[in-house]
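Let me begin by presenting the structure, written as structure tokens, before commenting on it.
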Amino acid sequence: SAYDLLKDFAGDLKVGVAANTNRFNNGNYNNAMKAFNMMVAENGCKLSGIQQQKGVYNFNDCDAHYNKAKELGMEFRGHCLIWHAYQPSWFENADSNTLKNAIVDHITKTLQHYEGKIKAWDVVNEAVDDSSNGQGFMLRNSFLRQKVPNFIDIAFETARKVSPNTKLFYNDYNAEGHLPKSESIYNFVADLKKRNIPIDGVGLQYHVSSQSQPTFNQINGLIGRYCKLGLEVHITELDVKLQGNQSRQTEAFSNALKACLANSCCKAFLVWGVGDSDSWLGGNEQALLFNNNYQPKPIYNTLLDIL
Ligand code: XIL
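If you use mature numbering (1 follows the signal peptide of the UniProt record, and there is no 0), the sequence shown corresponds to residues -2 to -1, 1 to 305, in order.
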């Protein structure tokens, strides 16, 4: 390669990227992925990717991501088992009992399919309500919560029972320490631990921007508190909207990596896409590490220097 690879300087930290099979036919995209040693599927391993039709499990796209990761020597991270957003209509419209059974069945069949292959899965995604103000926590009033009030406990307990060695994560956004919601997410996770719900880690999505981002002390302190709870932390979906402010974007990426490196329980650092134009935010936000030609941007070298 014409440039140094992040993975060669990361030591024990996994440096990862969200990939999408719809780009695998692009040679430059494949080459850029070699900077990383962990992959997550942007969409292919979600319930919408695996079980578009009720009870018809199709692992083709998730498998294709997994196989590409193995081909490139990358570890694979599972995302995500239970989520309220972007779900097939059969799942959203199921009655309570059907939905409860579907939650158990989806987790069971998916974890069994990847047994011994995927070490960590996001079991529940985005269950804390956006209006949570840092005092205690409020759960999102989603169809999941309305129809199966204890779906979170069921999800984690099922996952632990089916696959005792898989690391079970809770993953959420606005969880990075600069907004009141992140304190509620902490309270929610601490409550899971206190109630002995089987959880091993927390995923901080880290969709931030030049304008709205944690300081180093905020993110470092927060990760440290999760470590004290006995949990592993992954930065799972990092992207930073540029908003015309290069120094603030650099700060956001740098603080995330520095805080992860400063806390021994932070074991993975993943960005949510390869090139800027692959981003779910659209290419205009210039939120990722590679440009549209899959060449590393200056921010890539900044992170390399930190490692
Ligand atoms: C996004 C994908 O990037 C999009 O392609 C898809 O249309 C919707 O989901 N939080 C998550 C991710 O946990 O799964 C989301 O990914 C981004 C926000």
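Glycine included, every Cβ here is placed at the ideal spot set by N, Cα and C. Computed from a predicted model, the values in this text were never measured in an experiment.
Residue i: CB within 8 Å of a non-hydrogen atom of ligand 1
i: A83; result: yes
i: H205; result: yes
i: residue 310; result: Since the first and last residues shown for the chain are -2 and 305, residue 310 lies out of range.
i: E124; result: yes
i: W278; result: yes
i: Y27; result: no
i: Y298; result: no
i: H104; result: no
i: E40; result: yes
i: A16; result: yes
i: G271; result: yes
i: K159; result: no
i: H232; result: no
i: E181; result: no
i: K239; result: no
i: E235; result: yes
i: C60; result: no
i: K12; result: no
i: H63; result: no
Sheet register partners of residue i (DSSP bridge)
i: L236; result: V269
i: D170; result: L202
i: E90; result: Answer is none; E90 lacks a bridge partner.
i: D120; result: F167
i: I80; result: V122
i: E230; result: G199
i: V54; result: Q51
i: S207; result: K239
i: residue 306; result: With the chain represented from -2 up to 305, any question about residue 306 goes unanswered, as that position is not in the structure.
i: F288; result: G273, P294
i: C264; result: V231
Buried versus exposed call for residue i [16 or more other C-beta atoms within 10 Å across all chains shown]
i: P178; result: exposed
i: V54; result: exposed
i: residue 355; result: This structure cannot speak to residue 355, because the chain is shown only from -2 to 305.
i: N123; result: buried
i: R193; result: exposed
i: residue 306; result: The chain is shown only over -2 to 305; residue 306 falls outside these bounds and no answer can be derived.
i: D237; result: buried
i: G228; result: exposed
i: P212; result: buried
i: S180; result: buried
i: residue 342; result: Residue 342 lies beyond the range of the chain shown here (-2 to 305); nothing can be said about it.
i: K226; result: exposed
i: residue 329; result: This structure cannot speak to residue 329, because the chain is shown only from -2 to 305.
i: A(-1); result: exposed
i: G25; result: exposed
Residue range of the alpha helix (DSSP H) that includes residue i
i: M25; result: Correcting the residue identity first, residue 25 is Gly in this sequence and not Met. Here the alpha helix (DSSP H) through G25 covers 25 to 31.
i: A250; result: 244 to 260
i: K66; result: 58 to 69
i: K12; result: Element bounds for K12: not the alpha helix (DSSP H) but the beta strand (DSSP E), 12 to 17.
i: D303; result: 296 to 304
i: E181; result: 178 to 192
i: Q144; result: 141 to 145
Pair within 9 Å by beta-carbon distance, residue i and residue j
i: L268; j: L287; result: no
i: K256; j: D274; result: no
i: D120; j: G76; result: yes
i: residue 366; j: Y171; result: Since the first residue of the chain shown is -2 and the last is 305, residue 366 is not available in this structure.
i: H232; j: G199; result: yes
i: N29; j: M72; result: no
i: N243; j: Q209; result: yes
i: G222; j: N185; result: no
i: V160; j: L97; result: no
i: V153; j: V206; result: Contrary to the premise, residue 153 reads as Ala rather than Val in this sequence. For A153 and V206, no; Cβs fall outside 9 Å.
i: G134; j: S182; result: yes
i: C258; j: L11; result: yes
i: Q203; j: L240; result: no
For residue i, the first and last residue of its enclosing beta strand (DSSP E)
i: A157; result: Premise fails: A157 lies in the alpha helix (DSSP H), 149 to 160, not in any beta strand (DSSP E).
i: V38; result: 36 to 39
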